[in-house]
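Structure, as structure tokens:
Number of protein chains: 6
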Amino acid sequence: MFMHNKNLMYTVRVSEPDPKLASLMLEQFGGPQGELAAAMRYFTQGIADEDPGRKDMLIDIATEELSHLEVIGSIVAMLTKGAKGKLAEGAEATADLYANITQGSGSHTLQLLYGGGPALVNSAGQLWTGGYIDSIGEPTADLRSNIAAESRAKIIYERLINITNDPGVKDALTFLMTREVAHQKMFEKALYSIENNFPPGKLPGNPDYTDKYYNMSTGPGDARGPWNQGDQWEFVEVKANQKPVNGGDGNPTVRLAAEEMKAIEQAAMRTKSRTDLDPVTGADLGAGPGAGKTKKVTTKG
Amino acid sequence: MFMHNKNLMYTVRVSEPDPKLASLMLEQFGGPQGELAAAMRYFTQGIADEDPGRKDMLIDIATEELSHLEVIGSIVAMLTKGAKGKLAEGAEATADLYANITQGSGSHTLQLLYGGGPALVNSAGQLWTGGYIDSIGEPTADLRSNIAAESRAKIIYERLINITNDPGVKDALTFLMTREVAHQKMFEKALYSIENNFPPGKLPGNPDYTDKYYNMSTGPGDARGPWNQGDQWEFVEVKANQKPVNGGDGNPTVRLAAEEMKAIEQAAMRTKSRTDLDPVTGADLGAGPGAGKTKKVTTKG
Amino acid sequence: MFMHNKNLMYTVRVSEPDPKLASLMLEQFGGPQGELAAAMRYFTQGIADEDPGRKDMLIDIATEELSHLEVIGSIVAMLTKGAKGKLAEGAEATADLYANITQGSGSHTLQLLYGGGPALVNSAGQLWTGGYIDSIGEPTADLRSNIAAESRAKIIYERLINITNDPGVKDALTFLMTREVAHQKMFEKALYSIENNFPPGKLPGNPDYTDKYYNMSTGPGDARGPWNQGDQWEFVEVKANQKPVNGGDGNPTVRLAAEEMKAIEQAAMRTKSRTDLDPVTGADLGAGPGAGKTKKVTTKG
Amino acid sequence: MFMHNKNLMYTVRVSEPDPKLASLMLEQFGGPQGELAAAMRYFTQGIADEDPGRKDMLIDIATEELSHLEVIGSIVAMLTKGAKGKLAEGAEATADLYANITQGSGSHTLQLLYGGGPALVNSAGQLWTGGYIDSIGEPTADLRSNIAAESRAKIIYERLINITNDPGVKDALTFLMTREVAHQKMFEKALYSIENNFPPGKLPGNPDYTDKYYNMSTGPGDARGPWNQGDQWEFVEVKANQKPVNGGDGNPTVRLAAEEMKAIEQAAMRTKSRTDLDPVTGADLGAGPGAGKTKKVTTKG
Amino acid sequence: MFMHNKNLMYTVRVSEPDPKLASLMLEQFGGPQGELAAAMRYFTQGIADEDPGRKDMLIDIATEELSHLEVIGSIVAMLTKGAKGKLAEGAEATADLYANITQGSGSHTLQLLYGGGPALVNSAGQLWTGGYIDSIGEPTADLRSNIAAESRAKIIYERLINITNDPGVKDALTFLMTREVAHQKMFEKALYSIENNFPPGKLPGNPDYTDKYYNMSTGPGDARGPWNQGDQWEFVEVKANQKPVNGGDGNPTVRLAAEEMKAIEQAAMRTKSRTDLDPVTGADLGAGPGAGKTKKVTTKG
Amino acid sequence: MFMHNKNLMYTVRVSEPDPKLASLMLEQFGGPQGELAAAMRYFTQGIADEDPGRKDMLIDIATEELSHLEVIGSIVAMLTKGAKGKLAEGAEATADLYANITQGSGSHTLQLLYGGGPALVNSAGQLWTGGYIDSIGEPTADLRSNIAAESRAKIIYERLINITNDPGVKDALTFLMTREVAHQKMFEKALYSIENNFPPGKLPGNPDYTDKYYNMSTGPGDARGPWNQGDQWEFVEVKANQKPVNGGDGNPTVRLAAEEMKAIEQAAMRTKSRTDLDPVTGADLGAGPGAGKTKKVTTKG
């Protein structure tokens, strides 16, 4: 069960309201790399994990991310606090209110729709979606997803720090950024404490295709590196008339029952294209008689 | 520029139509771990990457994933081919058509809405969303995202193989699964050929918070592991009355201008809750006079 | 800050695995009336509320809803536990696995995509969206939203109870349902402890339109009730040739600058429809010469 | 059946074009609290309601909301009319066009993508989603949802009025705002004319949990109010080592069949984490030899 | 303004409840080709159109589509009416309720979440999205979108008719299908009554590229037809080493300021990949010492 | 299978970085009328088409659209290249960075979240959705969808050209726009080379309703045109008391079994509204004793 302690995990000291900056901060509240996405990624994994130590770690970190969600949400609330009251009370000249909330970021939506409270949207107002969560219930994949997610979150915090002048906001963002680094290290430890974690899962691959690098993109700029050179790689040049890698004629096939065949042929016949005609088209009609290449308008048949 | 060769990358031989199985295959056509998501993840990264070798690799793999999209899409098309004609032409008794497309998976949507063609939805009919793509334009994060994505895709293919009896489908799925393993190895090589790729990005963390593990979840089952024990970790027990990690009073603060303060106080006054009253509520009215604990109904004031 | 206690808020005792039932339970995990939506609705409000008592209550209840999310998620995890292992390990005949996960609900997606772990989707696999959260930062509106949300959640739990035979699941669902009733009562108290909470907000309405009921739907079945009869209502019959309620000619107008007028007229001229012609259309071409009403095919001009 | 009368319900008189203001108005056209959401909320309820009077009221109000949708859409169309022609016809210097549509709100999207016509998006360009509709087919819940929705819509109109200087727009917005108040009153009447409407639905709660208030959030600021004090409430302090409210050991359980147990144990063994090792990780590799705490790089086993 | 007449536009006579069939009908209530999408497509166009005749037609048809929405919604309501009462009242044995709503389509979601009322989702439960509406405010494009939309809706109705045995439902679906044909004819007339409607818009194309057909897909199956043969087309074979069609070196370029160049080089240097190394990777660590090709584990530097 | 050639299809020469313009260009990268939507529309159709010529054309054009996606993505990458490095490296004064990315379009999201790389969002940051793809697997409908889609894309390019001053961007956009015109012509040819393509599909309409025009919107402005006048149309005036077009009483009906009837009546009774009462409501309580029309507060019964 979750409990809450009224202390923020990190005391937040914002210098002054700035609704425009607030709308950028939403990136880490309701954005894809934000704290709710992090908390839910680890929480959904933790609930179903059978390994007691890893389960404990996942819930520890999920809980910390919820505490971070509260920190970043509080930053948003402080940055919008000035405008919020004025808009709610009509306590400023209309033209000033109008100018203040439409000065070049998503702050108008933040103020008008959400009343200045933190909302589950990113900095563009895009609604948070469960599509951000990539947990699939296999630890050797999920831990890699977590490592990647922490590295992305670290970068978004870094960018937010780069555009923030307010020292209190900068300080809190630095704490949050740092914790993403720490969490990444934890997930790395957890991944590598599973022996034989690569390839993930149980089924072996087909050895014919495990070590091939297909050079699908050709021309000036074609390059080699450790990902396609050296003993472990077989480098396959894909040619213009490349055949299927498993032979065959390169077409998909299926065996149909007779009545299935008949129906599909009937549908094909009904929608067959006549390649022996040059039909008048809607575009021909629409182009008008004097437009471009004049087409002789005749009906078929 | 992209070009297309009419040969499938892998010749597909499906035994017989099975629309129910087809709808499960959509998971890797239009699902979050599917081939379009993979292709777009690498393509959007490759376009903007400054490193020539990595850029080349990203486009190579993106192009291969598009070729896989065609393979899995062709599997779907073969599996639905029988039902498709019959539904389009009304070439089967209505009751049989009805039964065939509502036999326990999403095949009804696949047939009714998409006419049996592969569609950009997952096996539940959820529309593909750009939220599946987690590219952020920083290679040390993006490559980790790619590694994670390949490991997830490998697992989904493994699960699909586990529930498929058709040997031709199984064979093609095994090829696709194997390539995910190969791609993961390539991305791993690319990540580790960036020196000092950890932590990702440029800004250092705050050393006060880099090595702490906060034990946010307590009680029976609390566990230790390499992610929170050993020299590199400081294990912090979070107590019931835990203070903010940076001191302070645990409250967020902001300095407001006088008129901002006035407006926010005005709003607070307008919506103040009277904690000295026990008001009659809508629920009291709705519960009816004889329901549960009867409340004395009196008006305020 | 949030903390976690390893005890579930309510001990869950599931009789036996049932992945189909599990997929229905997702309705209250990742569905619109589910526990994450509830927790986030109150949490986003609580962070920005200025009233100390109400803020405290919002965070108390948000925290409890997170604890409920853990309970319902654990129910899902128990119900899928049997199938999960078998699918992951390929530890059952393929045909049986196939049959088990496609037996008539969304369980195939739950198993294939999410590996049997609870996921942020509803029972149809629809991804959770921030669009479910209706917090707008005005307590007299938000508390009404909360009252409504609790009443909806109560009903969904009631329906789930009605279709569940497992006594342990039924018992836990009854606890969760009961708490929604308790929360509704709390929010009712909080709403009515704001004096003059109706109409919400600050601006008065235009008295000309406050008490009118417009009878927009006419014919047999037209009815009266306390919502449109009695002293407080003026019942307005909307006639076939009803005029605008504020007079005027019923058209929208705007004053354009001369060059704006010129541009809009130019656009209108470019896309003007000739009502004096009966043009040949694409449909005419497509219908073929022998189809339905034969049209004389002539070109314009 | 619906019919349309060419008079707007309220004659709209806009002073002059203002695409920036237009984009804010979209909030009530295609936003979550906007008129389409309102119309569809009541319409979907009305179609399936068995009570003739309530059904009539729901359709009356749904129809009025569609008429409001036309009013707000016409405001948008007037506000964009100037820019629309100029962009369509290229009838302004490019730099001026560029400046005009990117001056600080979502007006660029409104103009570029939707050609200045009203679109089903909110002021940030977020696509309208069916997730905004919370109808569930139980009148005692749905009417509460309607009451809440009307109170939210009232507030959004109030905010739009606060930032609008155009007297014609302000006048029309005031009409629309006023009607939301009137509708709320109607829905209140309809709710309370259902006797015993609380708790909603039919199943009683478990009396053990109906009147308890769990104090989940603790620390300075803990407060009491009518929502958790007085005769009807039992106030429960949640402690650090809080036990499940129904006793038991706080763990979820399920009885597995033998082969299920075997498979889940096999999966657990395959992904077991070794807590007795301190493995070298990818982060260790990535940090480079000179970074932070140097780790001795050794392979496992 | 809209008005409502209590008569359905088409009297609906359903034989008996069938919740499974109801869930399929949702395709045309809340699906992409459904009646709400149609109504909103034409309504958003009509509001902003400057041509009086076309505007009138768009509103006429939008209004008719709203009336169709009511017809299809009423079909859904009738088909679910039996199950709805039983689920709401718990008036059937639990096991029977469970079986009834999980028998092979999305009916479980329709019943559990929406209480049997029509909902703005498609037959898979996918929420309706504004992304279905493709109005862009240019009549020569919008009318083509409308023509296409009507032809799609016609087909979905045809498929629903093919799987429906209930004569009353079949009859009503046939009416709705027929009206889509009639609407398509109307939109065709409106399109071709705009003279010179092709190409749409105002800007001419670059004549170098108007009549070329690029044969991007090569190999067995390459075909010719009126879309790429005949006088009007120049057929361009795309070769393996195809150059850009406008010459140049095929690379994108931009002129950067000095400090921009410096920053981008700094970023490139920071994330440069070393192609001269074969680094140990996370996958190598994870594969374990005995797995596949053993890699010598050495640290860089 | 797809292959890639490192030459862009069209060499792109951007004058100088302009992140604001870049964010507008996203409209055609990840927007509804953009190149990914186009490529996927044709690709999903081509995979399942039975007609060899049309299939070939669909794949040719899909492949060209992927090549266009690369062109427009490269434009975005060039336009953001300057800001990208500076934000990543913190290589500019914070205030300047802040100003640069929040100057009036969605460029802040593009930079912060996507790091300046092209992303699958439109110019407002709305995530790309599979809902943009309208392929349904019937060529006579799908080709019309393609014609419409090309005409929409042409217009969006035209608008982007109108607001772009950069000659290199303008030139590349003109190429892309021109190709949409060429593609539209191809799809027109393909449509009209299917004989009897109208009405689409196979089932005939009900002749009673094929040629009627229902005048649903009445009043000043009612107009006639080729879409509702002439020999082929029967013009039906819809009156205020219009009856159903198929007769009957205008109500939907269904035959219920006895126990279904009983349950639905039980539910109706439980939620019946008392129209003979004027109940006190929550709004009455909330309005306070001195507000507006004072209501006498009495309990029911």
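Going line by line, the protein sequences match chains A, B, C, D, E and F.
Per this note's numbering, the very first residue in the first sequence carries number 942; after that it's consecutive.
Per this note's numbering, the very first residue in the second sequence carries number 942; after that it's consecutive.
Per this note's numbering, the very first residue in the third sequence carries number 942; after that it's consecutive.
Per this note's numbering, the very first residue in the fourth sequence carries number 942; after that it's consecutive.
Per this note's numbering, the very first residue in the fifth sequence carries number 942; after that it's consecutive.
Per this note's numbering, the very first residue in the sixth sequence carries number 942; after that it's consecutive.
Where a beta carbon is used, it is the ideal one built from N, C-alpha and C, also for glycine.
Check each candidate in the options and name the one with the smallest Cα separation from residue i.
i	options	result
VAL1122(D)	TYR1150(D), LEU1054(D), PRO1148(D) and ALA1090(D)	ALA1090(D)
ARG1211(C)	THR952(D), HIS945(D), TYR1055(D) and GLY1026(D)	GLY1026(D)
GLU1175(F)	THR1151(F), LEU1061(F) and ALA1198(F)	THR1151(F)
PRO958(A)	ASP992(A), ASN1041(A) and GLN969(A)	ASN1041(A)
TYR1073(C)	LEU1068(E), ASN1169(E) and GLY1014(E)	LEU1068(E)
ASP1219(A)	GLY971(F), GLU1129(F), GLY972(F) and ALA1209(F)	GLU1129(F)
MET1157(A)	LEU965(B), HIS1009(B) and ALA1228(B)	HIS1009(B)
PRO973(A)	PRO993(A), VAL1195(A) and VAL1062(A)	VAL1062(A)
VAL1179(F)	ASP1190(F), GLY1160(F), TYR1155(F) and ALA1199(F)	TYR1155(F)
GLU991(F)	ALA1224(A), PRO1193(A) and THR1070(A)	PRO1193(A)
ARG1165(D)	ARG1215(B), THR1159(B), LEU1117(B) and SER1064(B)	ARG1215(B)
GLY1191(F)	ASN1182(F), ALA1199(F), GLY1160(F) and LEU1197(F)	ASN1182(F)
GLU968(E)	PHE970(B), LEU965(B), HIS1049(B) and GLU1201(B)	HIS1049(B)
LEU1144(B)	GLU1136(A), ASP1217(A) and ASP1112(A)	ASP1112(A)
Which chain C residues are close to residue i, counting only those with a beta carbon under 8 Å from its beta carbon?
i	result
ILE1135(E)	THR1212, LYS1213, SER1214 and ARG1215
Answer yes or no: the CB of residue i versus the heavy atoms of the ligand GTP, is any distance below 7 Å?
i	result
VAL955(E)	For the structure depicted, the ligand GTP is absent and the ligand set is empty, with no information on it obtainable.
List, in order along the chain, the chain E residues whose C-beta lies closer than 9 Å to that of residue i?
i	result
GLY1223(D)	THR1222, GLY1223, ALA1224, LEU1226 and GLY1227
For a contact defined as C-beta to C-beta under 9 Å, what are the partners of residue i on chain C?
i	result
LEU949(A)	MET942
GLY1171(F)	ASP1219
Run down chain A in chain order and give the residues with a C-beta less than 9 Å from the C-beta of residue i.
i	result
ASP1152(B)	ALA1123 and LYS1126
How would you list, in chain order, the residues of chain C whose beta-carbon sits under 7 Å from the beta-carbon of residue i?
i	result
LEU1218(F)	PRO1167
So residue i contacts chain B; which residues on that side make the cut at Cβ distance below 8 Å?
i	result
ILE1013(A)	Those do not exist, as ILE1013(A) stays about 10 Å from chain B at its closest Cβ, beyond 8 Å.
Identify the contact partners of residue i in chain D, using a Cβ-Cβ distance below 8 Å as the criterion.
i	result
GLY1160(B)	ASN1182 and GLY1191
Residue i and residue j look like a contact to me (Cβ under 8 Å); what is the Cβ gap, rounded to whole Å?
i	j	result
LEU962(B)	MET942(F)	The Cβ separation is near 24 Å, so there is no contact.
Positions along the stretch 992-1007 of chain A whose CB lies within less than 7 Å of some CB in chain C: Against chain C - using a Cβ distance shorter than 7 Å - the residues of the stretch 992-1007 of chain A are ILE1000, THR1004 and LEU1007.
Interface residues of the stretch 1176-1199 of chain E facing chain F [CB-CB below 8 Å]: Listed in sequence order: ALA1181, ASN1182, GLN1183, LYS1184, PRO1185, VAL1186, ASN1187, GLY1188, GLY1189, ASP1190, GLY1191, ASN1192, PRO1193, THR1194, VAL1195, ARG1196, LEU1197 and ALA1198.
Entirely enclosed beta strand (DSSP E) segments - the stretch 1033-1088 of chain D, minimum 3 residues: Counting only runs of 3 or more, we get nothing.
Any alpha helix (DSSP H) of 4 or more consecutive residues that is wholly inside the stretch 1139-1226 of chain C: As summarised for the stretch 1139-1226 of chain C, the continuous alpha helix (DSSP H) elements at least 4 residues long and confined to that stretch are 1199-1211, given in chain order.
Selection of the stretch 1037-1058 of chain C by Cβ proximity to chain A, strictly under 8 Å: Answer in chain order: LEU1054, TYR1055, GLY1056, GLY1057 and GLY1058.
Runs of alpha helix (DSSP H) wholly within the stretch 947-994 of chain F (minimum 4 residues, chain order): The stretch 947-994 of chain F contains these whole alpha helix (DSSP H) runs: 960-966, 968-971 and 976-989.
Chain-ordered residues of the stretch 1074-1108 of chain F with a beta carbon less than 8 Å from chain A: Residues passing the 8 Å Cβ filter: GLU1079, PRO1080, THR1081 and ILE1088.
Under 9 Å (Cβ pairs) to chain A, residues found in the stretch 962-974 of chain D: Cβ contacts with chain A come from LEU962, SER964, LEU965, GLU968, GLY972, PRO973 and GLN974.
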